[in-house]
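Asker: Sharing a structure, written as structure tokens. Questions coming.
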Amino acid sequence: MPYQLTEEQRQVYRETSIRSQLRKIELLQRHAETTVRRRLPTARLDPNTLMPGILPHGLTALSLFSGGGGLDLGFDRSGFEHVASYEVLDICAQTLKANRPHWAVNGGAAGDVINAGWRRYRGVDIVHGGPPCQPFSIAGRQEGANDPRNMWPQFVRCVLEVRPRAFVAENVPGLLDDKFAEFVTENILVPLSGRYTIKRFVLSADEFGVPQARKRVFFVGFRNRREANRFTVPERTHGEGHGLMPQNTARHSIGLAPIGFDSVVPTLRSGFTGPRKTTSVVNSKASMIAWNRLEIWPHGVQTTREQAAIYPPENGHHRLSAADCGIFQGFPEQWKFEGAAYQVLGQIGNSVCPPVAYAVAKHVAVALGAIE
Ligand SMILES: C[S@@+](CC[C@H](N)C(=O)[O-])C[C@H]1O[C@@H](n2cnc3c(N)ncnc32)[C@H](O)[C@@H]1O
Numbered sequence: 003m004p005y006q007l008t009e010e011q012r013q014v015y016r017e018t019s020i021r022s023q024l025r026k027i028e029l030l031q032r033h034a035e036t037t038v039r040r041r042l043p044t045a046r047l048d049p050n051t052l053m054p055g056i057l058p059h060g061l062t063a064l065s066l067f068s069g070g071g072g073l074d075l076g077f078d079r080s081g082f083e084h085v086a087s088y089e090v091l092d093i094c095a096q097t098l099k100a101n102r103p104h105w106a107v108n109g110g111a112a113g114d115v116i117n118a119g120w121r122r123y124r125g126v127d128i129v130h131g132g133p134p135c136q137p138f139s140i141a142g143r144q145e146g147a148n149d150p151r152n153m154w155p156q157f158v159r160c161v162l163e164v165r166p167r168a169f170v171a172e173n174v175p176g177l178l179d180d181k182f183a184e185f186v187t188e189n190i191l192v193p194l195s196g197r198y199t200i201k202r203f204v205l206s207a208d209e210f211g212v213p214q215a216r217k218r219v220f221f222v223g224f225r226n227r228r229e230a231n232r233f234t235v236p237e238r239t240h241g242e243g244h245g246l247m248p249q250n251t252a253r254h255s256i257g258l259a260p261i262g263f264d265s266v267v268p269t270l271r272s273g274f275t276g277p278r279k280t281t282s283v284v285n286s287k288a289s290m291i292a293w294n295r296l297e298i299w300p301h302g303v304q305t306t307r308e309q310a311a312i313y314p315p316e317n318g319h320h321r322l323s324a325a326d327c328g329i330f331q332g333f334p335e336q337w338k339f340e341g342a343a344y345q346v347l348g349q350i351g352n353s354v355c356p357p358v359a360y361a362v363a364k365h366v367a368v369a370l371g372a373i374e
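What the sequence shown shows, in the numbering used here, is residues 3 to 374, in sequence order.
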């Protein structure tokens, strides 16, 4: 859907874009001609430390709507073995294959859940997935069941055909709005609660050490009531309070110098959101206040740290690289995303923060008796 802009606003955007492009060309040229190289910041946060690897415990997982692998990585690090992943976007499937060459990744038409038959996966312990959240997110205009991107019925069909011991589904917290109460009852609870005991809860990524304000709702279902009763909602590990680790803040996490202020970043926008291929991670106008206070420039995110350093914004703030955004989302730097900058930001901004996925997966493994 096109943006609603006046001709005057369009003209301002056009002029800004041309000025910015010219400046980029000039800076790149100057960089090519000079022998002095900047020292690039190195990240201080290694997200692997937020999800210490658990050895495989024998539980298997089937991943739907796998995207760039946030949920998958969290399950992987908590000891689950994936039997297959399904994702309709080729570029996401390429990311999964590049990082885990031994995974059975179905991408493109082969990864479209609409075409998939699930009975052959009977015996798999867990089905997990984050059906596209645009039908319930503000950016996606909240059309719910009327949105053709509503894939909840496909997730439910998979669970009913595979009959896993447990399932984990994730989505934007907007799904818990009163306006979607009927949708949740009809599309999730009614078809599944006859066979599964379902728990629903919201987790905040910053409370699990991720340097970003990001909330997600989880639906976790167990076929066995005793296992459901053993499941506990993961408790926060970071924040203020006794026994908690301090929040990981944004500037510190990506290795920037102190400026007397630091905090987590606002929720990152996905590069797949909206009609344009965007390299801005700004989610709302209001969030620009927070980015400005952090002295971080969230538009025109560059593919590499070097490229970002060569091309600082006019106000002198730190220009983001895709690597910085990966850290803000809780992805370890070893996890490489395939594709152009907007596709990388699309995969990052669509994902479940891996440390949050890890916490949920670990608690599911405990409930299923695979680990203590
Ligand atoms: C919210 S994202 C999931 C992100 C993922 N759980 C993660 O943590 O990285 C939803 C994904 O569903 C994919 N998708 C949408 N329709 C699909 C379909 N019919 N079959 C398979 N995947 C689909 C989208 O391409 C997108 O990558």
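Don't be surprised by glycine CBs; every beta carbon is placed ideally from N, CA and C.
#1: Kindly list the residues whose CB is nearer than 6 Å to the CB of VAL222, restricted to its own chain and excluding five residues on each side of it in sequence; keep chain order.
#2: Below 6 Å CB to CB, which residues in the same chain sit around TRP375 once its five sequence neighbours on both sides are set aside?
#3: Can ASN101 and SER87 be called in contact, C-beta distance under 8 Å?
#4: With a threshold of 6 Å on Cβ separation, who are the neighbours of GLU172 within its own chain once the five nearest residues in sequence on each side are excluded?
#5: Throw me the rounded Cβ distance for the THR281 and ALA343 pair, which I believe falls under 8 Å.
#6: Is any non-hydrogen atom of ligand 1 found closer than 7 Å to the C-beta of PHE67, if you look at the structure I gave you?
#7: Quick check on DSSP: helix, strand or coil for ALA259?
#8: Can you tell me whether PHE169 is helix, strand or coil according to DSSP?
#9: Just grab the DSSP bridge partners of GLU83 for me.
#10: In this structure, how does DSSP classify MET3 when only helix, strand and coil are distinguished?
#11: How many whole angstroms separate the CB atoms of LEU57 and GLY76, which I take to be in contact at a CB cut-off of 8 Å?
#12: Looking at the unbroken beta strand (DSSP E) that takes in GLN108, where does it start and where does it end?
#13: For the alpha helix (DSSP H) containing ILE350, name the first residue and the last one.
#14: Closest to LEU177 by C-alpha separation, out of THR97, ILE190, TYR15, would be which residue?
#15: Where do the ends of the beta strand (DSSP E) carrying ILE200 lie?
#16: Inspect the CB distances between the stretch 11-31 and the stretch 307-317 and report whether three or more fall short of 8 Å.
#17: Thinking C-beta only, is GLN249 closer than 8 Å to GLN331?
#18: Would you kindly report the start and end of the unbroken alpha helix (DSSP H) that includes LEU162?
#19: Would the stretch 253-266 and the stretch 286-302 be scored as touching if the rule is three or more Cβ pairs under 8 Å?
#20: If you draw a straight line from the C-alpha of PHE333 to the C-alpha of ALA324, how long is it?
#21: What did DSSP end up calling HIS254 once you bin it into helix, strand or coil?
#22: Could you tell me which residues DSSP pairs with LYS217 in its beta bridges?
#23: Determine the direct distance from the alpha carbon of HIS84 to that of HIS104, and round the result to whole angstroms.
#24: Can you tell me whether VAL204 is buried or exposed? The criterion is at least 16 other CB atoms within 10 Å of its CB, across all chains shown.
Answerer: Short version:
#1: VAL170, LYS201
#2: For residue 375 there is no data in the structure shown, the boundaries of the chain being 3 and 374.
#3: no
#4: GLY132, ARG218, PHE220, VAL354
#5: 5 Å
#6: yes
#7: DSSP, reduced to helix, strand and coil, places ALA259 outside both helices and strands of the structure shown, so it counts as coil.
#8: Strand at PHE169.
#9: THR62
#10: Only weak support exists for where MET3 lies, its pLDDT of 49 falling under 50; the coordinates are left without a value.
#11: Not really, about 16 Å apart at Cβ, beyond 8 Å.
#12: The residue you asked about is not Gln; residue 108 is Asn in the sequence shown. Taken as a continuous stretch (DSSP letters only), the beta strand (DSSP E) holding ASN108 covers 107-109.
#13: 343-351
#14: ILE190
#15: 199-206
#16: Touching, per the Cβ criterion.
#17: no
#18: First-last of the alpha helix (DSSP H) with LEU162: 154-164.
#19: yes
#20: Going by the C-alpha atoms only, they are around 11 Å apart.
#21: Here HIS254 sits in helix by DSSP.
#22: SER206
#23: 10 Å
#24: With fewer than 16 other beta carbons inside 10 angstroms of its own, VAL204 counts as exposed.
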